[in-house]
Structures are given as C-alpha cells and as structure tokens.
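In the working numbering, the protein residues as written are 981 to 1264.
A quick write-up on the structure given underneath.
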C-alpha cells in the first residue's frame, strides 16, 4: 500500500501533471506522429524524395538511402570531407546541404558526380583554399552558400557558375571584395559579402559583375569600410537593393534612397579624376 501511495503521489505531482498535459495536448492539438519529435532522431528520415540525415553524428554519407532522392540534408554532423564516390548512388540530387560540419575542401569531382545539383550549402565548415577546378563542373548551380568558412580564393573559382543566382560568402574574413578579375556570374541576383574584413572598396573590385545585369541585392552589412574609391560601384548595372548595413526608418533602404542620403556612396558610383589624372579616394 505504501508503494502504491508513492506511485500515486508521483503521478499527481505538479511536475508529472505538467508533463502529462503536454503529452495530451500534443496528441489532441497536433497529429500524433508530431509528438515523436521530442524523441532524439536515430536514423535518416526519407519523405517525398527528401532525405534528412541531419544531427546524427555521421562521419560519412549513408550508402543505403533510396537512389531516387532529390534532396539530401547532411547538416550538423561530423563530416570531414565529401568524397564524390559516396554520392554516386544519388546522381539525381538537386539539393545538398552539408552545413555545420568540418569539411576542409570541395572535391572537383563533386559536381561531376552530381551534374544536376542546383543548391549547395556548405555554411559553417572549414573550407579554405577554393580553386577554379573545385566548382568547374557545377554549371547547374543556382544557389551557393559558403558563409562562415575560411575561404582563400585562388584563380577564378566562380567562373563556371553561369546559372548562379545567389552567392553567399559572408563571414569568411575576406580582405577584398574582389572575387574575380574577369566578368562572370551573368545571372547573379544576390551577392552577400557581409561580415568580412575588407576596409576599402576599390574602383575595380566589382568589375567581375559587369555582365551581371540581373543583380538586385548586394549585402555589405557589418563590413568595416573606411575608404571608397570613386566609381567603385560603377561596374554594377544597378541593384534594386544595396545593403551596407545602414537603415532608414527601421528598414533597409533602396539603392536610390541611399544615393540621396549618403554622399560617399554617391561618389563611389561616379568616377572622377583630379587635375593630375589620378582618381581621388574618399574616406568614410
């Protein structure tokens, strides 16, 4: 009887009753299977062609997934590399997420194995040297996120990405906004350079965007800019939104609004030369 009394007290304790009501509420207010979300995932979950293998402490890409998946989420695991051979069973992949791992390089065979790949998320990894060959076969990519790595660009790593619409290289400690020395990325719509370390915008920094007539967003928020050379944005056809980290009336300003509000940005757009033929600089 005493043991039954203890059990009854435990069941009727405020903490136990609180948990009971959570379970009951979960069951009646949502679908029953959603209640299982509180349990730790122990294996990949596949639904509607999407494989979710995130948060499983995996050190390699599982070989047992359905061969017809179009999306693979390997984020928040323990990957050190992405061997192309490990992805060969899934050559129809359109979306690959390997963010929040410890990948140190992109293998040039990645997009040879995944020729249809459209989105690649490598955010929060340890990718350092990025060479032209690494992305040379990624011609189908339309979205690439390489934020929060340790990028050092060698050659023209983005030159093959003719269909790319969104490129995020924020938080990489880049010391220059110049991602290339020749025009490329003709279909780029959004470029995120936020939270990098360059302190100046030089006249030819954005010359690689000369043919990017579709560019709409250039994000330079939280970049410690001190110097703007006249004409430093002249290569850009005219983005719809330019975000240098400033706001007006609590919201991001349009490009035209900033032209009237910030003289230095205006001078950055208009190239002028002094009497000696040299282009002067403007300090912020």
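Just so you know, even glycine gets a beta-carbon here, dropped at the ideal spot from N, CA and C.
DSSP on residue i, reduced to helix/strand/coil?
{"i": "residue 1093", "result": "helix"}
{"i": "residue 1031", "result": "strand"}
{"i": "residue 1140", "result": "coil"}
{"i": "residue 1127", "result": "coil"}
{"i": "residue 1114", "result": "helix"}
{"i": "residue 1065", "result": "helix"}
{"i": "residue 1188", "result": "helix"}
{"i": "residue 962", "result": "A query on residue 962 cannot be resolved here, the shown segment of the chain reaching from 981 to 1264 and no further."}
{"i": "residue 1227", "result": "Confidence is the limiting factor: at residue 1227 the pLDDT is only 43, short of 50, which leaves the residue's position unreliable, though a coordinate-based value still follows. Three-state result, residue 1227: strand."}
{"i": "residue 1059", "result": "coil"}
{"i": "residue 1122", "result": "coil"}
{"i": "residue 1175", "result": "coil"}
Based on the DSSP output, what are the partners of residue i in its beta bridges?
{"i": "residue 1077", "result": "1053, 1101"}
{"i": "residue 1132", "result": "1109"}
{"i": "residue 1025", "result": "1032"}
Return the residue from the list the options that minimises the CA-CA distance to residue i.
{"i": "residue 1197", "options": "1145, 1151, 1152", "result": "1145"}
{"i": "residue 1179", "options": "1103, 1172, 1161, 1157", "result": "1157"}
{"i": "residue 940", "options": "1124, 1142, 1215, 1152", "result": "The structure shown does not extend to residue 940, since the chain is modelled only from 981 to 1264, so the question has no answer here."}
{"i": "residue 1211", "options": "1109, 1187, 1205, 1035", "result": "1187"}
{"i": "residue 1128", "options": "1052, 1081, 1111", "result": "1081"}
{"i": "residue 1088", "options": "1104, 1109, 1029", "result": "1109"}
{"i": "residue 1195", "options": "1172, 1079, 1031", "result": "1172"}
{"i": "residue 1134", "options": "1024, 1150, 1116", "result": "1116"}
{"i": "residue 1114", "options": "1063, 1154, 1079", "result": "1063"}
{"i": "residue 1091", "options": "1078, 1100, 1084", "result": "1100"}
{"i": "residue 1069", "options": "1052, 1078, 1043, 1122", "result": "1043"}
{"i": "residue 1208", "options": "1104, 1189, 1181, 1201", "result": "1181"}
{"i": "residue 1076", "options": "1112, 1118, 1084", "result": "1118"}
{"i": "residue 1213", "options": "1163, 1183, 1204", "result": "1183"}
{"i": "residue 1136", "options": "1121, 1122, 1111", "result": "1111"}
{"i": "residue 1216", "options": "1190, 1105, 1086", "result": "1190"}
{"i": "residue 1098", "options": "1199, 1153, 1176, 1147", "result": "1147"}
For residue i, report the span of its beta strand (DSSP E) as first-last.
{"i": "residue 1147", "result": "1146-1148"}
{"i": "residue 1170", "result": "1170-1172"}
{"i": "residue 1198", "result": "1197-1199"}
Give me the Cβ distance between residue i and residue j, rounded to the nearest whole Å; I'm assuming they're in contact under 8 angstroms.
{"i": "residue 1102", "j": "residue 1125", "result": "7 angstroms"}
{"i": "residue 1057", "j": "residue 1023", "result": "Going by Cβ atoms, the distance from residue 1057 to residue 1023 rounds to 13 angstroms, so no, they are not a contact pair."}
{"i": "residue 1107", "j": "residue 1131", "result": "6 angstroms"}
{"i": "residue 1096", "j": "residue 1074", "result": "6 angstroms"}
{"i": "residue 1050", "j": "residue 1079", "result": "In fact, because the Cβ distance is near 18 angstroms, the residues do not count as touching under 8 angstroms."}
{"i": "residue 1174", "j": "residue 1150", "result": "4 angstroms"}
{"i": "residue 1067", "j": "residue 1041", "result": "6 angstroms"}
{"i": "residue 1162", "j": "residue 1138", "result": "The Cβ separation is near 10 angstroms, so there is no contact."}
{"i": "residue 1021", "j": "residue 1036", "result": "7 angstroms"}
{"i": "residue 1153", "j": "residue 1176", "result": "6 angstroms"}
{"i": "residue 1053", "j": "residue 1028", "result": "In fact, because the Cβ distance is near 13 angstroms, the residues do not count as touching under 8 angstroms."}
Should residue i be flagged as near chain D, meaning a C-beta pair shorter than 7 angstroms?
{"i": "residue 1063", "result": "As a matter of chain content, chain D is missing from the structure shown, which is built from one protein chain."}
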